[in-house]
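Number of protein chains: 2
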Amino acid sequence: MSTLKDVRLYDIHELKEENGNLSFLGMPFSAKRIFCVYGVRPGFIRGWHAHKLCKQFLIALSGSVTVTCDDGENRKTFTLSSPKEGLYIPPMIWGEQFYHSKEVITVGLADKHFDEMDYIRDYEAFKESKCV
Amino acid sequence: MSTLKDVRLYDIHELKEENGNLSFLGMPFSAKRIFCVYGVRPGFIRGWHAHKLCKQFLIALSGSVTVTCDDGENRKTFTLSSPKEGLYIPPMIWGEQFYHSKEVITVGLADKHFDEMDYIRDYEAFKESKCV
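If you're matching them up, the sequences are chains A and B in order. Position one of the first sequence corresponds to residue 217 (our numbering), numbered consecutively onward. Position one of the second sequence corresponds to residue 217 (our numbering), numbered consecutively onward.
Rendered as structure tokens:
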């Protein structure tokens, strides 16, 4: 069962070129789904769920977002504010994302197609499932 | 061998929620690599290459970028300007991307890890390889 030790912040290599900047990374998994979040009212928190099996990878391409990860026993926060870093979140980690400004754009990748059955949206149910 | 008919613009489903907007899509391939382009001087063109085997998917998350695709016989342009659309570019399609403003942020996904040998960076060589 995943713990906070399995959550990992990746440095993404950046190439500064005369005609712009390119950041690139070999993914820690093969991504089957992409999602983008934008236009969030500053101060709003999104997420509030864990995945049973799905792995996720998050990058803040504009602005900054603070991601709180919770393994049922401990919490840890990561502030993403650059295309030069990405956060790998394994399954069975509860996640909440705090958006600092309206300009925040995050892109997320997941290793599974959407399946509502894979979501745990109740924190107490999440904690209980971590004790099994 | 790919032609322009194989280049495909995808509508990405958008969910407008009280706490922000979410767009999401099941990828047309499993992505092993992500790259982000930003800070491009307006009017600059990037790309100038084709891939021998690698598939790509592009989204403009901020600003707008005009992508020219060329199959060696014909050219077609697509203007990406929203997280609600993404462009699938198959292998053996020459690509050039025109950045309209400094605010443009594009995210790209590829089905293969980086391999310089997969790139064709000379247009004449690309045209010749299409005639084989």
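Note that beta-carbon positions come from the ideal geometry of N, C-alpha and C, so glycine has one too. This one's a predicted model, so the numbers in the text were calculated from it and none came from an experiment.
Item to complete: Given a cut-off of 8 Å, decide if D227 (chain B) and M300 (chain B) are closer than it, judged by their beta-carbon atoms.
Response: Reading off the sequence, residue 300 (chain B) comes out as Lys, not Met. A contact, by the Cβ cut-off of 8 Å.
Worksheet entry | Boundaries (first-last residue) of the alpha helix (DSSP H) holding E344 (chain A) | Annotation for E344 (chain A): the continuous alpha helix (DSSP H) segment containing it runs Y339 to K346.
Worksheet item: So S278 (chain B) packs on I321 (chain B), CB below 8 Å; how close in whole Å?
Response: About 4 Å; that satisfies the 8 Å criterion.
Worksheet item: Can you name, in chain order, every residue of its own chain whose Cβ lies under 6 Å from the Cβ of Y254 (chain A), other than the five neighbours on each side?
Response: Cβ neighbours of Y254 (chain A) within its own chain (closer than 6 Å, five residues either side excluded): I321.
Worksheet item: In three-state DSSP terms, what is E301 (chain B)?
Response: Under the three-state reduction of DSSP, E301 (chain B) is assigned to strand.
Discussion item. Rounded to whole angstroms, what is the Cα-Cα separation between D334 (chain A) and I305 (chain A)?
Written reply: 14 Å
Practice prompt. Could you confirm whether any beta carbon from chain B is found closer than 8 Å to the beta carbon of V409 (chain A)?
Written response: Here chain A comprises residues numbered 217 to 348, so residue 409 (chain A) is not present and cannot be evaluated.
Discussion item. Please classify M308 (chain A) as buried or exposed, where buried requires at least 16 neighbouring CB atoms within 10 angstroms.
Written reply: buried
Fill in: Interface residues of chain A facing H265 (chain B) [CB-CB closer than 8 Å]
Simply none; closest approach about 13 Å.
Item to complete: Indicate the three-state DSSP secondary structure (helix, strand or coil) for L269 (chain B) in the structure shown.
Response: coil
Worksheet entry | Inter-residue CB distance, L269 (chain A) and V283 (chain A) (contact presumed, cutoff 8 Å) | In fact, because the Cβ distance is near 20 Å, the residues do not count as touching under 8 Å.
Fill in: Paired residues, beta bridge with H229 (chain B) - DSSP
B:F240
Worksheet item: List, in order along the chain, the chain B residues whose C-beta lies closer than 7 Å to that of H329 (chain A)?
Response: G242
Item to complete: Report the partner residues of V253 (chain A) according to the DSSP bridge assignment.
Response: A:T322 and B:L238
Worksheet item: Which same chain residues, not among the five before or five after I261 (chain A), have their C-beta less than 6 Å away from its C-beta?
Response: If we look at I261 (chain A) and ignore the five residues flanking it on each side, its Cβ neighbours are E312 and F314.
Worksheet item: Just how far apart, CA to CA, sit K343 (chain A) and G324 (chain B)?
Response: 36 Å
Practice prompt. Measure the Cβ-Cβ separation of I336 (chain B) and M243 (chain A) and say whether it is below 8 Å.
Written response: no
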